[in-house]
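Enquirer:
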Amino acid sequence: MNRRKFTKNSIKGLATAAIGTMSGNLLVSCGNSVQSNIKLTASIPMPIQVVIDDVGWWSGKDGSLYQEPYRTGINRNHVIADYKAIIDLGKGLGIRPQAAMVLGEWDRQNILRNVPHSTWMGENWDNSKWVGPWLDETADMITANQQHFEITVHGLGHEWWTNGKFSRAEWADDEGIMRPKEILEQHLDAYAAIMHQNKLGELPKSFVPNAFRHSFGVTKGNDISLAELIMNRGFTYINTPFESMFNREAVQHGIFGVDSGIITVDRGTDIFDWNVIGPKPEHGITGPTCGLHWPNLLHEDPERNAEIVQGWVDLLAPYNERQDTMLAKNSVFFQKQLAHHMVSKIEVKDNELKLDFSEAQKLGTIVSNNELTVNVTSDKNIAFSSDTIQIESVNSTKQADSILYKLNLKLSDQPMASISFKSNT
Ligand SMILES: [Zn+2]
């Protein structure tokens, strides 16, 4: 997120303009800081959330050449160790990665026979070959590790089949036009039913449109948006690249928008293509979402998945040690921290941090009742106190010639707050 990257991104067009805005905000946050007798800078760090697509297949085969789904493209079946890789990534970083799951191959009762456009077999759908003890084993492991594995809806079959032939994709077509809502309701019902079959819990609250076919707002021939359709089911958040999102010009806050009360976050550009198996990530991320596809986290030999996971831990861990970024502990924290990062203000005045949440409060429930992290870098040991905001905890890390403090705050409904700091030596 340095200047050079900002400049480079800003000439690449509309989608990266959002990243430009974000970088601008970062610079403003830091630039607001002034020196008092203590040398100190403060910012509302950009949160980073890991989102992993196309989790859930048992077959790895890319079937797109013969009217089966684009799966993961890995030349073997998926195994429980592939799910464990996600949990291990979460444990390694203290985060809860989103697994954007396709659940068709978890259907124990062939209910997709009765769900139009959901599979290549139509009414003859037969999933018996993928029904076995691995379903219970994997579901149990996911349930026991929920702090490090969030199920996000991606789809049933990933594509949209008509008479055995697919088009892209399940929730919207190539023009971003939402599929007929009555049928999508059936797809959501089936998704919830397959979760229940496998004791995976209730319908999730987060959503990644498959093949990134998506529109912001209502599309031609429809009376509600996809965002509203899923909001009615309790969803709160969509993550998708704005570069391929239709009607992106309606997005209100650069890197995120609010569509029928649902926060929609720009995924930006993934580091790797969807079918790159077991890479070693060496380039940093360019925005708040670290987007992957499942094979990007896996080894061809599942017993060696840990080697690939370690590469991602090594890449991402340093973002928690910076003034301007942090790893989100889960996607709910992520949404709220991101909104504040973009619209709330922080500045240093005399021996106080002044916080202004008035713009964030206009966003309503998206940021209500939330926690917030503020990062402070100081050349001295300092102590913080406040009468206007609750400081839940302060963590400090010694760095080369400074100390990085992370203040975890509990927000009230007050639009302004201030935090005093003084030398603690
Ligand atoms: Zn996908």
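FYI, in this note's numbering the residues of the sequence shown are 65 to 489.
All C-beta atoms in this analysis are idealised placements derived from N, C-alpha and C, irrespective of residue type, glycine included.
For clarity, every value in this text was computed on a predicted model and none was experimentally measured.
Alpha carbons only, please: which of I483, F421 and I349 is nearest the one belonging to R331?
Expert: Comparing Cα positions, the closest option is I349.
Enquirer: N415 and E214 - do their beta-carbons sit closer together than 9 Å?
Expert: Result no, Cβ atoms of E214 and N415 do not sit closer than 9 Å.
Enquirer: What are the residues that DSSP puts in a beta bridge with P111?
Expert: M390, per the DSSP bridge assignment.
Enquirer: In angstroms, rounded to a whole number, what distance separates the CA positions of V195 and E187?
Expert: The alpha-carbon atoms of V195 and E187 are separated by roughly 18 Å.
Enquirer: Given a cut-off of 9 Å, decide if R172 and N141 are closer than it, judged by their beta-carbon atoms.
Expert: Contact: no.
Enquirer: Can you find at least 3 beta carbon pairs, one from the stretch 295-302 and one from the stretch 251-270, that sit closer than 8 Å?
Expert: Flag = yes, the stretch 295-302 and the stretch 251-270 touch.
Enquirer: Between the alpha carbons of K400 and I112, how many angstroms are there, rounded?
Expert: Cα to Cα, the separation comes out at about 12 Å.
Enquirer: Could you check whether T105 and I144 sit closer than 9 Å to each other, using their CB atoms as the reference points?
Expert: Their beta carbons are not under 9 Å apart, which means I144 does not touch T105 by this criterion.
Enquirer: In terms of DSSP beta bridges, what is G332 paired with?
Expert: Its beta-bridge partners do not exist; DSSP assigns none.
Enquirer: CB-CB under 7 Å to N488, same chain, minus the five flanking residues each way: which ones, in chain order?
Expert: So the qualifying residues of the chain are N445, I446 and A447.
Enquirer: Can you list, in chain order, the residues of its chain with a C-beta nearer than 6 Å to that of I483? Leave out the 5 residues immediately preceding and following it.
Expert: Cβ within range, chain order: L417, F448 and S450.
Enquirer: At which residues does the alpha helix (DSSP H) containing Y147 begin and terminate?
Expert: Run containing Y147: I144 to L157, per the alpha helix (DSSP H) assignment.
Enquirer: Between W170 and the rest of its own chain, which residues show a CB-CB distance below 6 Å, the 5 nearest in sequence each way excluded?
Expert: Cβ within range, chain order: I258 and N262.
Enquirer: Measuring alpha carbon to alpha carbon, tell me which residue in I116, D146 and I341 is nearest L199.
Expert: The candidate whose alpha carbon is nearest that of L199 is D146.
Enquirer: For the candidate residues W121, V115, F398 and I294, whose alpha-carbon lies nearest to that of N139?
Expert: Looking at the Cα atoms, W121 is the closest of the given residues.
Enquirer: Could you name the residues of the same chain whose beta carbon sits closer than 7 Å to that of L176, not counting the 5 residues immediately before and after it, in chain order?
Expert: Excluding sequence neighbours, L176 sits near G168, S182, T183, W189, L220 and A254.
Enquirer: Note down the Cα distance separating A481 from K409, rounded to an integer number of angstroms.
Expert: C-alpha separation (whole angstroms): 11 Å.
Enquirer: Decide if E234 is buried, meaning its Cβ has at least 16 other Cβ atoms within 10 Å, or exposed.
Expert: It is buried - the Cβ of E234 has at least 16 other Cβ atoms within 10 Å.
Enquirer: When the Cα of I493 is compared with those of K245, T333, R277 and H317, which residue comes out closest?
Expert: As displayed, the chain neither begins before 65 nor continues past 489, which places residue 493 out of reach and without an answer.
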